[in-house]
Amino acid sequence: MSFLFLSNKELQTITGKGEKACYRLISKIRLKNNKDNGIPITLEEFCEYTRLKIDHVQQALRK
Numbered sequence: 000m001s002f003l004f005l006s007n008k009e010l011q012t013i014t015g016k017g018e019k020a021c022y023r024l025i026s027k028i029r030l031k032n033n034k035d036n037g038i039p040i041t042l043e044e045f046c047e048y049t050r051l052k053i054d055h056v057q058q059a060l061r062k
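Here's what the structure looks like:
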C-alpha cells in the first residue's frame with residue numbers, strides 16, 4: 000500500500016512521538032511549504048523536512 004498524504008496517526012507511528020508533537024510537526028512542515036491549515040502534507044514533504052528516505056518511511060508504515 001502506497002501513501003500519498005500522511006495523517007497525524009501515521010506520523011505518530013513513524014516518529015514514536017505523541018499526538019500534540021506530531022500536530023506541531025505537521026504545522027512546521029505546512030509552514031515550510033506555504034500551505035494553509037487543513038491541507039494535508041505529502042510523504043515527500045515529510046521526508047524532505049525530516050531528511051528520511053521515502054523507502055524507509057513506507058516500510059515503517061507497512062508494519
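Counting in numbering that gives the first Met the number 0, the sequence shown runs from 0 upward without gaps. Cβ atoms here follow ideal geometry from the backbone N, Cα and C, with glycine treated the same way.
Contacting residues, own chain, Cβ-Cβ under 8 Å from residue i (five flanking each side not counted)
i, result
"Leu3", "Thr41, Leu42"
"Val56", "Ile13, Leu42, Phe45, Cys46"
"Lys27", "Tyr48"
"Lys52", "Cys46"
Distance CB(residue i)-CB(residue j) smaller than 9 Å
i, j, result
"Asn70", "Cys21", "The first residue shown for the chain is 0 and the last is 62, placing residue 70 beyond what the model contains."
"Asn10", "Lys19", "Per the sequence shown, the amino acid found at residue 10 is Leu instead of Asn. No, the pair does not count as a contact, with Cβ atoms beyond the cut-off."
"Tyr48", "Lys31", "yes"
"Ile38", "Arg50", "no"
Per DSSP, the bridge partner or partners of residue i
i, result
"Thr41", "Phe4"
Beta-carbon contacts of residue i that lie in its chain and below 6 Å, excluding the five residues immediately before and after
i, result
"Ala112", "Outside the displayed span of the chain (0 to 62) sits residue 112, for which this structure offers no information."
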